[in-house]
Structure formats: structure tokens, C-alpha cells
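For the sequence shown, the residue numbers in our numbering are 1 to 293.
Built from N, CA and C at the ideal position, the CB exists for glycine as well.
Before any comments, here is the structure.
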Amino acid sequence: MTRELLLGTAAALLITIPASALTMTVVKDVRLVQVRAVAGNNEDANDDFADALTFTGEVSAHATEFEVHGTLLGDADTGQGAWAEANARQHSEIGALSISGEGSANASGSPGNLNTSISALVGGGGGLRFGNFEAEAFSTIRILFNIDEAAEFNLSGFISAGIEQAEGVADNAVDSFASVFFGTEAEEEVFFEREVFEDGLKFDETGIIGPGNYVFSIRPRADVFGRSFAGAMLGESDSGGEPQDLGYSASSRFGGNLELRAIDQPIPEPVTTSLIAMGLGALVLRTSRRQRV
């Protein structure tokens, strides 16, 4: 019996490889889509937040100052005051050792379009103002997590941001932005950090991190803003009888994936393993001889 036990122990030493038990624990989960649109005194806003490991959210907002469709002015006469709209979406998942997501944020707006007939009706050829507008959209992933032992990481994906701006007035702003960050909680160490404005970027980074708290964040943002066109004196000489449409739009997108993998524990060196096995073998032989005597 002793002989069989010792032989089994020797065989186990030759084939056993220590198994890792890497664990990722989410400490704080901030995943959301959020939008807001303002036109004149009208405002609309919506948001959605993650409450499960898998999150799919899409929200939109729209605001219009006023609209006129040919009534007293005739079918050909139309006009619209300031308008703004925004939308944001996201699909994201938290796995046992991974965080992934993709989404977008879009915002657009205009101080409106008015033809000469409406201008003449309400202002006698002048004095009418375009209204203010504002729109903003966010799609955010920010995860604070802890790992209990060293791990390899792979961070891959893309971020992009762009704007479109029609011929318009001064004092209108449009902004498109996207960022990605991976580092320690207090940012003592930053393993990867990038931002883009009206640009795009693909990334694929690898490395090794020790046990501790880490933050993975990826966020696109889009916003537009328009101030009152105080100097608008819309007569036939100003608009030429055609509606004036001054539009602004911004958009940003992202796709990202962070994967963690346990670092394999060192396998015992062949010489050390052989010595252990040889020692057990000698012990087996000695035990066998003693039993025969």
C-alpha cells in the first residue's frame, strides 16, 4: 500500500501545473446614455443607466421653438424657429474577466429658417430674431474594478469624432470629442490614454498589471450651441425670398474591449522534479526490499 501511494505521488508531481484563480470584482459601474435639447424656452432631456451586467440603451431628445406652415400666409410660406435634437446609444457587457461596449453620441441644431413673407408679417421687413439652441449627447462607460492577482491585459477598439457645419452666423459652436482611459484608480499609473477631436483612432495595447484597483473608461460626447442672431433684419434684400437654414451637427462613436487573462504560474524546473521523483523512487525501492526481508 505504501509503495502504491508513493508512486502515485511521484506521478502527480510530474504532471501537476498550479491553476490560477484570477478574479475581477466590479467596485463601481457607471454606464449611461444621456441627451438634452433646448430651443428657445423649450427643453427636452432623457437618460438611461445600466442596472445589469448587459446594458442596451438608446435615448433621444428634440426641441423646437416654433413652426409656421402656410396658413394666413399661403401654402408656399413656411418658417421654423430654432430647433435642437440629440441622440445617444450604447450596448455594453461586463464578463468574468472582460469589459466591452460600443455606442455613439450625436447632436445637431439650428437657429431656424424664416422666409421674407413671415418676416414682413411679424416685423414689417425687419426686427425678427433667430432663437437660441443647444444640444448635447453622451454615451459613457466608466468601470472601477479590482483584481486579486497579477494579470495580462489586452485593450483594443476605436474612438472617432467629427462635425458638420453649414454656412451660418458667428457665435455658434460645435464640438465633437471621444476619449479612452485605462489606468490605476488614482491615476498614478496610466497604461493607455487617448483623446480625439474631429479625428479617429484605432488602438490595440497589451501589458501586465498587478493586483489592485483599476479604471477603464471610454466616452464619446457631441454638443452644439447657437446664440441669438440679434442682427437679423430679414427683408427681401436679406434672404432673397428663400428660407435660411443654418445647421450644425456633431457626432462621435466608440467600440472598446478590455480582456484580462491570468498569468500562468511557473512550472517546476525539470531538474527539481526529477530529483523529487528519484528520491521517491529510492524510497519505494527501500520499502519494497524491507517487505521482502
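Where residue i and residue j are concerned, what is the direct C-alpha to C-alpha distance, given to the nearest angstrom?
i: D44; j: F145; result: 34 Å
i: F225; j: L260; result: 41 Å
i: A135; j: I263; result: 46 Å
i: S217; j: G200; result: 17 Å
i: I159; j: G131; result: 33 Å
i: A76; j: F197; result: Residue placement at A76 is flagged as unreliable, the pLDDT there being 49, under the threshold of 50; the coordinate-derived value follows with that caveat. Straight-line Cα distance between these residues: approximately 41 Å.
i: D223; j: L53; result: 29 Å
i: V30; j: D51; result: 9 Å
i: I143; j: I94; result: 9 Å
Do you know whose CA, among the options, lies nearest residue i's CA?
i: Q34; options: N41, S60 and T25; result: S60
i: A150; options: E193, A161, I159 and I209; result: I209
i: S156; options: E85, E193 and D148; result: E193
i: E195; options: G162, G207 and G212; result: G162
i: K28; options: F153, I141, Q90 and A88; result: I141
i: A250; options: D51, D204, S110 and G101; result: S110
i: S176; options: G255, Y248, F133 and N46; result: Y248
i: Q80; options: F153, S92, F133 and N213; result: F133
i: V190; options: K202, T206 and F254; result: T206
i: N46; options: A88, T25 and E185; result: A88
i: A96; options: Q90, G103 and M24; result: M24
Quick one: what's got a C-beta closer than 8 Å to residue i's C-beta in the same chain, skipping five residues either side?
i: N42; result: A63, T64 and E65
i: V271; result: Only weak support is given to the placement of V271: the predicted model assigns it a pLDDT of 44, under 50, and the question is left unresolved by the model.
i: Y214; result: L144, F145, N146, I147, F182, G183, T184 and E185
Run through DSSP, which three-state label would residue i get?
i: P111; result: coil
i: G241; result: Residue placement at G241 cannot be trusted, given a pLDDT of 37 that sits under 50; the coordinates are not used to answer.
i: P220; result: strand
i: I163; result: strand
i: G95; result: coil
i: F138; result: strand
i: E236; result: Interpretation of E236 is limited by its pLDDT of 36, a score under 50 that renders its predicted location unreliable; no figure is taken from the coordinates.
i: F191; result: strand
i: E295; result: Absent from the model: residue 295. The displayed extent of the chain is 1 to 293, so no value can be given.
Residues in its own chain within less than 6 Å of residue i by CB, not counting five upstream and five downstream?
i: L22; result: E149, A151 and A262
i: L204; result: In the sequence under discussion, the amino acid at residue 204 is Asp, which differs from the Leu named in the question. Once the five neighbours on either side are set aside, the close Cβ partners of D204 are S156.
i: F55; result: R31 and S92
Under 8 Å between the Cβ atoms of residue i and residue j?
i: A37; j: S252; result: no
i: S139; j: P220; result: yes
i: A82; j: A39; result: yes
i: G256; j: V174; result: no
Excluding the 5 residues flanking residue i on each side, which residues of the same chain have their C-beta closer than 7 Å to its C-beta?
i: D48; result: L32, V33, G57 and V59
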